[in-house]
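Residue numbers (this note's numbering): 10 to 298. The beta carbon of each residue, even a glycine, is placed where N, CA and C say it ideally should be.
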Amino acid sequence: MAFEIKNIAWPQGEEALAALQKKEGLTLLQGLPGSAKGFFLAFAHEKLAEKEPWVILTSSREEADILREDLSAWLPQTRVGLCPAWEVLPRDVEEPDAELIGERQRAFYQLMQKEGGLVIAPLLGALQSTLPPERWIEKIIVLKKDGDIPADFKEKLLGLGYEPVAQVVDAGQFATRGGILDLASPGSPSGPVRLELFGDTITSIRPLNLLSQRSSGETDEVWVFPAKELVLEVETKKKLERALKEKAREESNWAKTALELFAATGRFPSWPWHALGAMDERADLFDYL
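Written out as structure tokens, the structure is:
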């Protein structure tokens, strides 16, 4: 007989669950060292069998990674997502990593789908400012087999922050050659895909292995998430430009260089943090519940 965690008899665990189910203020559980925390959460998730997704907060990314590994082992049939923080500081030159953005967007998608499962987030990841849910959804493009690809699809990908390359090897990239378009969308449930086109019509969508560059199988649709978590609207770009010009007039060499880069590439060092400050509306992970 297969091992099922929900069939375990654990009196102390049942007592703790009863306290949680009362939902009378906060419930403090003590005496759960190491992996016992993950086991109790898995036990509670199976026993309560709630359909809504759970968000579990941790104090650090390291703790979140460990807890995710434990929960994935105890609940192999349950989706366990991760929502890390950007892990770059406002003055850092580097942008948030594409794979990291993929993890965050996968968590957004999981929570909005209301299909249960768990999302583990370091506190800084849960509180990280981002686009409001409705704005994020507007950026997503869904392509279907036998449907037509938008005439300006490449421009749309560039606007979503994708990098055009000769061969797709990482998330956030796309490549075209003849009637083939390879695409790796960060966090998309579709994963990397290869689209075959006849004119503007999508004749096939196949999962793409980035290591072997081979495609196999078949799928009916692909969800294209933004390559950058923040997609700059026209008004936000104008606000950033005005702010940089004002700083440049104050003899800020950094602002002058940033303004030149912004005009040439649409990006400059630490632009995501400055973009957050220029946005009229912001959200965090809890707004996606």
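Find the nearest neighbour of F305 within the set P201, L294, T245, A252, judged by alpha-carbon distance. In the structure as shown, the chain begins at 10 and stops at 298. Residue 305 is therefore absent and cannot be evaluated.
Go to W5, then tell me how far its alpha helix (DSSP H) extends in each direction, as first and last residue. Since the first and last residues shown for the chain are 10 and 298, residue 5 lies out of range.
I need the DSSP call for A164, collapsed to helix, strand or coil. For this step, residue 164 is matched to residue 155 along the sequence shown. Checking the displayed sequence, the identity of residue 164 turns out to be Glu instead of Ala. Correct three-state label for E164: helix.
Run through the DSSP bridge pairs and tell me what F183 is partnered with. The sequence position of residue 183 within the sequence shown is 174, counting from 1. According to DSSP, which records beta bridges pairwise, F183 is partnered with P173, L192.
Can you give me the C-alpha to C-alpha distance between L120 and D209, rounded to a whole angstrom? Within the sequence shown, the letter at position 111 stands for residue 120. Within the sequence shown, the letter at position 200 stands for residue 209. Straight-line Cα distance between these residues: approximately 33 angstroms.
Suppose the cutoff is 8 angstroms on Cβ atoms and the five residues either side in sequence are ignored; what does the same chain contact list for M10 look like? One-based indexing of the sequence shown puts residue 10 at position 1. Low confidence applies to M10: its pLDDT is 36, below 50, so where it sits in the model is not reliable, and the reading given next is rough at best. Counting only Cβ-Cβ distances below 8 angstroms, and skipping sequence neighbours, we find nothing.
Measuring alpha carbon to alpha carbon, tell me which residue in D74, K56, D296, S199 is nearest K153. Counting from one through the sequence shown, the residue named residue 153 turns up at place 144. Nearest C-alpha to K153: S199.
Write down every uninterrupted run of the beta strand (DSSP E) in the segment 118–153 whose length is 3 residues or greater and which is fully enclosed by it, in chain order. List check, beta strand (DSSP E) in window: 127–131, 150–153.
E230 (DSSP reduced to helix, strand or coil): Against the sequence shown, residue 230 aligns to sequence position 221. Note: E230 maps to strand in three-state DSSP.
For T139, the nearest candidate out of K256, K254, V240 (CA to CA): Taking the sequence shown and counting its residues from 1, the one referred to as residue 139 is at position 130. It is V240.
Inter-residue spacing [alpha-carbon to alpha-carbon] between E24 and P195: The residue given as residue 24 occupies position 15 in the sequence shown. The residue given as residue 195 occupies position 186 in the sequence shown. Distance from the CA of E24 to the CA of P195, rounded to the nearest whole angstrom, comes to 41 angstroms.
Measure the C-alpha to C-alpha separation of I189 and L206 and round it to an integer number of angstroms. Locating residue 189 in the sequence shown gives position 180, where the first residue counts as 1. Locating residue 206 in the sequence shown gives position 197, where the first residue counts as 1. Taking the straight line from one Cα to the other gives about 6 angstroms.
Provide the residue(s) that pair with L91 in DSSP beta bridges, ordered along the chain. Walking along the sequence shown from the start, residue 91 turns up at place 82. Its beta-bridge partners are I129.
Assigned secondary structure, T36 (DSSP; H/G/I helix, E/B strand, else coil): Within the sequence shown, numbered from 1, the residue matching residue 36 stands at position 27. Under the three-state reduction of DSSP, T36 is assigned to coil, being neither helix nor strand.
Considering only the beta carbon of each residue, do P281 and P105 sit closer than 8 angstroms? What you label residue 281 is simply residue 272 of the sequence shown in a count that begins at 1. What you label residue 105 is simply residue 96 of the sequence shown in a count that begins at 1. A contact, by the Cβ cut-off of 8 angstroms.
Just tell me which of R144, G40, I214, G126 has its CA closest to the CA of D157. Translated into positions along the sequence shown, residue 157 becomes position 148. D157 has its Cα closest to that of I214, out of R144, G40, I214, G126.
Determine the direct distance from the alpha carbon of I211 to that of A160, and round the result to whole angstroms. One-based indexing of the sequence shown puts residue 160 at position 151. One-based indexing of the sequence shown puts residue 211 at position 202. In this structure, the CA atom of A160 is about 12 angstroms from the CA atom of I211.
Three CB pairs or more closer than 8 angstroms across the segment 131–146 and the segment 284–298: These segments touch.
Just how far apart, CA to CA, sit R4 and L270? Residue numbering for the chain in the displayed model covers 10 to 298; residue 4 lies beyond these limits and cannot be assessed.
Pairs of beta-carbons, one from the segment 114–129 and one from the segment 85–94, closer than 8 angstroms: are there three or more? Cβ pair count under 8 angstroms is three or more, so yes.
Would L41 pass as a contact of F49 if the rule is Cβ separation under 8 angstroms? Numbered from 1 along the sequence shown, position 32 holds the residue referred to as residue 41. Numbered from 1 along the sequence shown, position 40 holds the residue referred to as residue 49. Cβ atoms of L41 and F49: closer than 8 angstroms.
Looking at the strands, I want to know which residues DSSP matches up with V64. Numbered from 1 along the sequence shown, position 55 holds the residue referred to as residue 64. In DSSP, V64 forms a bridge with V128.
DSSP bridge partner residues for L217 (one or two, in chain order): Here residue 217 refers to the residue found at position 208 of the sequence shown. DSSP lists S224 as partners of L217.
Proximity below 8 angstroms, CB of V174 to CB of L192: For the purposes of this step, residue 174 is taken as residue 165 along the sequence shown, with counting starting at 1. For the purposes of this step, residue 192 is taken as residue 183 along the sequence shown, with counting starting at 1. Cβ distance not < 8 angstroms, so V174 and L192 don't count as in contact.
Measure the C-alpha to C-alpha separation of K148 and P62 and round it to an integer number of angstroms. Residue mapping note: residue 148 aligns to position 139 of the sequence shown, counting from 1. Residue mapping note: residue 62 aligns to position 53 of the sequence shown, counting from 1. Those two C-alpha atoms are separated by around 23 angstroms.
P99 versus P141 - alpha carbon distance: Within the sequence shown, numbered from 1, the residue matching residue 99 stands at position 90. Within the sequence shown, numbered from 1, the residue matching residue 141 stands at position 132. Linking P99 to P141 through their CA atoms gives a straight-line distance of about 21 angstroms.
Backbone secondary structure at D296 - three-state DSSP: Position 287 of the sequence shown holds residue 296. Look at D296 here: in three-state DSSP terms it is helix.
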